[in-house]
Amino acid sequence: MSMFKIFDTAASGMSAQSLRLNLVASNMANVDSVSSSIDQTYRARQPVFSAMLNQLNPNASAVGVQMKGVVESQAPLVMEYAPEHSMANADGYIYRPNVNMVEEMANMISASRSYESNVEVINTAKQLLAATLKLGE
Amino acid sequence: MKLDNAFGIHEQALKLRTHRAEVLAGNIANADTPGYKARDFDFHKQLQQQLPAGETMRTTSPRHIQPNSGPVSASELFYRIPSQPSLDGNTVDSQLEHTAYAANAMEYQASLRFLSGGIKKLMTAIKG
């Protein structure tokens with residue numbers, strides 16, 4: 063029964079959005095993780111989504127979401143002159159992560175909305191299946 | 007009355023509705039996928055194609071092609087024309103897809119009602 067494919071499709075969307083929410087949480091939690099060198103500083107992480115094309119059946123119409131991976135933002139780190147800071151390097155600089163709080167907030171709202179809409183899809187499909195099971199009663 | 011087509015158009019309609027729900031669910035799930043193009047199909051046209059013809063085509067070789075009666079193939083799916091294209095190439099309009107999905111669900115339930123009525127009618131005929 064192909065109605066079950068809807069569950070798979072919506073579930074893939076939900077897991078993709080939950081990865082995105084997870085990364086937002088990670089970025090926000092680490093917004094003040096300062097460090098003394100460029101290499102060790104936390105960089106904002108973003109998920110990469112792509113449509114899951116069915117290899118076995120190119121005619122399949124239900125397209126789920128797959129997570130291609132996580133990329134680190136290439137935006138420049140914030141360099142701050144704070145010689146009294148305990149993490150300051152030899153020149154007296156500390157490095158702050160390139161996390162943009164406003165972007166992260168917008169990302170979070172977008173992810174939670176998309177998650178909700180997938181839940182909505184599953185609920186409707188569930189109702190339809192239940193109604194189909196009662197057919198002829 | 008032939009039992010084969012006791013339910014009339016509703017059997018095919020229900021199958022197509024399920025298929026359309028699948029396509030729309032794919033669109034909603036990919037609302038944030040860069041480069042994803044929202045798809046849909048022409049329900050009316052597909053339903054006409056799926057309807058059983060008065061007589062099936064006679065074949066004299068197994069390699070003869072029968073008219074399309076399976077699920078909608080990818081080539082029958084059309085891409086939506088976005089009203090507000092986004093920068094990442096995604097053409098999913100969440101509101102539009104949700105409305106289409108909800109409407110499709112209602113129509114699915116309508117088809118179910120018709121089928122249910124058909125079954126009840128047959129039961130009455132059997133039991134008297």
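So the protein sequences, as listed, match chains A and B. Mind the numbering: the first sequence is residues 63 to 199 in this note's numbering, read in order. Mind the numbering: the second sequence is residues 7 to 134 in this note's numbering, read in order. Ideal Cβ positions, reconstructed from N, Cα and C, are used throughout, including at glycine. Note that the coordinates shown come from a computational prediction; the quantities given were computed from them, not determined experimentally.
Inset, instruction - Sort Asn160/A, Thr103/A, Glu146/A by Cα distance to glycine 154/A and report the nearest one. - result: Glu146/A
Inset, instruction - Determine, using beta carbons only, whether serine 64/A and glutamate 28/B come nearer to each other than 8 Å. - result: yes
Legend entry - Alpha carbon of tyrosine 107/B to alpha carbon of valine 183/A, nearest angstrom: 8 Å
Legend entry - Residues within the stretch 151 to 175 of chain A neighbouring chain B, beta-carbon criterion of under 9 Å: Cβ contacts with chain B: Ser172, Ala173, Arg175.
Legend entry - Simplified DSSP state of isoleucine 15/B, which is helix, strand or coil: Note: isoleucine 15/B maps to coil in three-state DSSP.
Legend entry - C-beta contact flag for valine 125/A and leucine 115/A at 8 Å: yes
Inset, instruction - Please list, in chain order, all residues of the same chain as glycine 131/A whose beta carbon is under 6 Å from its beta carbon, the five residues on each side excluded. - result: Val110
Inset, instruction - Can you tell me which of Ser135/A, Tyr177/A, Tyr143/A, Gly198/A puts its alpha carbon nearest to the alpha carbon of asparagine 36/B? - result: Of the listed residues, the one whose Cα sits closest to asparagine 36/B is Tyr177/A.
Legend entry - Straight-line gap, valine 133/A to methionine 149/A (C-alpha atoms, nearest Å): 26 Å
Inset, instruction - Anything in chain A within Cβ reach of glutamine 115/B, meaning under 8 Å, just list it in chain order. - result: Within chain A, the residues placing a beta-carbon under 8 Å from that of glutamine 115/B are Leu190, Ala193, ordered along the chain.
Inset, instruction - Compare the C-beta of tyrosine 107/B against all C-beta atoms of chain E and say whether one is closer than 8 Å. - result: Absent from the structure is chain E; the protein chains it does hold are A and B.
Legend entry - Residues near proline 91/B in its chain [Cβ-Cβ closer than 8 Å; skip 5 each side]: Thr97
Inset, instruction - Find the residues of chain A that neighbour threonine 130/B, judging by a C-beta separation of less than 9 Å, and give them in chain order. - result: Result: empty, since nearest Cβ-Cβ is about 12 Å, beyond 9 Å.
Legend entry - Classification of serine 117/B by the beta-carbon crowding that lies within 10 angstroms, buried from 16 upward: buried
Inset, instruction - Note down, one range per segment and in chain order, each alpha helix (DSSP H) of at least 4 residues found wholly within the stretch 21 to 64 of chain B. - result: 49 to 56
Legend entry - Cα-Cα separation, tyrosine 42/B to glycine 198/A: 40 Å
Legend entry - Given tyrosine 157/A as reference, the closest of Ser99/A, Ser135/A, Thr186/A once Cα atoms are compared: Ser99/A
Legend entry - Among Val93/A, Asn89/A, Arg105/A, Ser77/A, nearest to aspartate 38/B - alpha-carbon criterion: Ser77/A
Legend entry - Under the three-state DSSP convention, the category lysine 126/B falls into: helix
Legend entry - Per DSSP, the bridge partner or partners of glutamine 90/B: Paired residues: none, contrary to the question.
Inset, instruction - Give the interface partners of methionine 65/A over in chain B, defined as CB-CB distance under 9 Å, in chain order. - result: Thr24, Ala27, Glu28
Inset, instruction - For alanine 1/B, return the contacting residues in chain A, with the cut-off set at a CB-CB distance below 7 Å. - result: A question about residue 1/B goes unanswered here, because the residues of chain B that appear run from 7 up to 134.
Legend entry - Inter-residue Cα distance where the pair is histidine 50/B and glutamate 165/A: 43 Å
Legend entry - Near-chain A residues of the stretch 84 to 104 of chain B - C-beta to any C-beta below 7 Å: Answer set for the stretch 84 to 104 of chain B: Ser100, His104.
Inset, instruction - Could you tell me whether the Cβ atoms of valine 93/A and methionine 163/A are closer together than 8 Å? - result: yes
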